[in-house]
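Structure record follows, encoded as structure tokens.
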């Protein structure tokens, strides 16, 4: 067991890449297999804090496995869970990363977070499917009054709580409320969270009319990833 560390947890490599670069984290090991997840890790320091970044792959099972692995390997002081989210609130723009005061499920379960009275704090809805159309996003916003949607945060928050680990969710908008997502979008990411460029290229070659949307999604993802890095840097500095 090593010294106490801050775990930076992400599903997709593109979500955490700017953060890893800014913190000058270096690869800690080859890919690790744990509970069905293929994990990639980087390690370094942020001021006085020892930091380990873990990229897990898409899905609640993989990300909670990443947290479980981190807890076996390290004395975890806190987990910062960062990543992209869909926008449900039409007022949110790509790259917006508002503080999260509540994570909920469609079944009415909810976890609250102390955001020190920040007026711009929002609720995040965790689903077991992708909210892939403006119509679906509008219906979810109306029904749950959530501003953001993802597929992992509630389950990771619950796992952290069960283990007594302080948990901070940071989510940035990568697809706004008015954007549709291709049904194959999840296939553009490999099981370990790294981009599957070949799969994305094949998709565009077969559907050239989707090129404009792909480029827009890439731009939004870049804005969101940089916003995540800003938030993580500010948090660790504080």
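Numbering (my numbering), first residue to last: 457 to 694.
Beta carbons are placed, not taken as given, at the ideal position from N, Cα and C, and that holds for glycine.
Quick caveat: nothing in here was measured; it's all calculated off a predicted structure.
Taking the alpha helix (DSSP H) that residue i falls in, what are its first and last residues?
| i | result |
| --- | --- |
| residue 698 | The structure shown does not extend to residue 698, since the chain spans only 457 to 694, so no value can be given for it. |
| residue 661 | 653-662 |
| residue 519 | 516-529 |
| residue 687 | 667-693 |
Quick one, are the C-beta atoms of residue i and residue j less than 8 Å apart?
| i | j | result |
| --- | --- | --- |
| residue 649 | residue 526 | no |
| residue 567 | residue 558 | yes |
| residue 543 | residue 629 | yes |
| residue 536 | residue 688 | yes |
| residue 550 | residue 680 | yes |
| residue 471 | residue 538 | yes |
| residue 403 | residue 464 | Any answer about residue 403 is impossible in this case: the structure gives the chain only from 457 up to 694. |
| residue 479 | residue 541 | no |
State the start and end residues of the unbroken beta strand (DSSP E) segment that holds residue i.
| i | result |
| --- | --- |
| residue 610 | That residue, residue 610, is in no beta strand (DSSP E); its alpha helix (DSSP H) goes 609-618. |
| residue 576 | No beta strand (DSSP E) contains residue 576, which DSSP labels as neither H nor E. |
| residue 557 | 556-561 |
| residue 711 | Not covered by the structure: residue 711. The range shown for the chain is 457 to 694. |
| residue 625 | 623-631 |
| residue 594 | Not the beta strand (DSSP E): residue 594 falls in the alpha helix (DSSP H), residues 590-600. |
Give me whichever residues DSSP pairs with residue i in a beta bridge.
| i | result |
| --- | --- |
| residue 483 | 498 |
| residue 488 | 495 |
| residue 606 | 582 |
| residue 540 | 628 |
| residue 532 | 461 |
| residue 645 | 651 |
| residue 566 | 560 |
| residue 466 | 511 |
For residue i, which option in the options has the closest C-alpha, if you only look at C-alpha atoms?
| i | options | result |
| --- | --- | --- |
| residue 685 | 461, 481 and 460 | 481 |
| residue 555 | 625, 611, 658 and 671 | 625 |
| residue 560 | 657, 463, 509 and 597 | 597 |
| residue 640 | 479, 658 and 522 | 658 |
| residue 591 | 680, 636 and 675 | 636 |
| residue 691 | 500, 489 and 534 | 534 |
| residue 589 | 470, 501, 668 and 605 | 605 |
| residue 548 | 565, 576, 522 and 464 | 576 |
| residue 519 | 550, 615 and 503 | 615 |
| residue 530 | 665, 484 and 599 | 484 |
| residue 634 | 613, 595 and 694 | 595 |
| residue 489 | 521, 499 and 459 | 521 |
Could you round the C-beta distance between residue i and residue j to whole angstroms and report it? I think they count as a contact, below 8 Å.
| i | j | result |
| --- | --- | --- |
| residue 497 | residue 508 | 6 Å |
| residue 611 | residue 632 | Incorrect: roughly 24 Å between the Cβ atoms, too far for contact. |
| residue 515 | residue 494 | The Cβ separation is near 12 Å, so there is no contact. |
Closest Cβ-Cβ distance between residue i and chain C: below 8 Å?
| i | result |
| --- | --- |
| residue 585 | Any reference to chain C falls outside this structure, which holds one protein chain only. |
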